[in-house]
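Engineer: In mature numbering (1 follows the signal peptide of the UniProt record, and there is no 0), the protein residues as written are -20 to -1, 1 to 81.
Handing you a structure now.
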């Protein structure tokens, strides 16, 4: 009975679509791979936050394949960290309704 329930749970979990956050790619490498620039976004957060956790939190539900960090700046008076990020998808996985920059 337990084996059957475990198998059923495994099959259900495997059949559900998964959301994976995009992977970091160097800006220089993005130029040489067949990637399409989908969007450039600005992420602003607390200056004390970790750069990676701030980016990961913001990009957790994005449907892009890769991202690269274009610029990082901080405002010590306002205690903010600003990150400019480019979002990319493989050229062969772009949907017809997706806008390419």
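From the three backbone atoms N, C-alpha and C, an ideal C-beta is built for every residue, glycine too.
Between residue 44 and residue 54, is the Cβ-Cβ spacing less than 9 Å?
Structural biologist: Working through the chain shown from its first residue, we reach residue 44 at position 64. Working through the chain shown from its first residue, we reach residue 54 at position 74. Taking 9 Å as the Cβ cut-off, residue 44 and residue 54 do not qualify as a contacting pair.
Engineer: Do you know whose CA, among 58, 67 and 64, lies nearest residue 26's CA?
Structural biologist: The residue given as residue 26 occupies position 46 in the chain shown. Checked all of 58, 67 and 64; the closest Cα to residue 26 is 58.
Engineer: Measuring alpha carbon to alpha carbon, tell me which of 11, 7 and 69 ends up nearest residue 50.
Structural biologist: In the chain shown, counting from the first residue as 1, residue 50 sits at position 70. Comparing Cα-Cα distances from residue 50 to each of 11, 7 and 69, the minimum goes to 7.
Engineer: In whole angstroms, what is the alpha-carbon distance linking residue 11 and residue 64?
Structural biologist: In the chain shown, counting from the first residue as 1, residue 11 sits at position 31. In the chain shown, counting from the first residue as 1, residue 64 sits at position 84. If I take the Cα positions, the gap works out to 17 Å.
Engineer: In angstroms with no decimal places, state the Cα-to-Cα distance between residue 47 and residue 28.
Structural biologist: Translated into the one-based positions of the chain shown, residue 47 becomes position 67. Translated into the one-based positions of the chain shown, residue 28 becomes position 48. Taking the straight line joining both Cα atoms gives about 22 Å.
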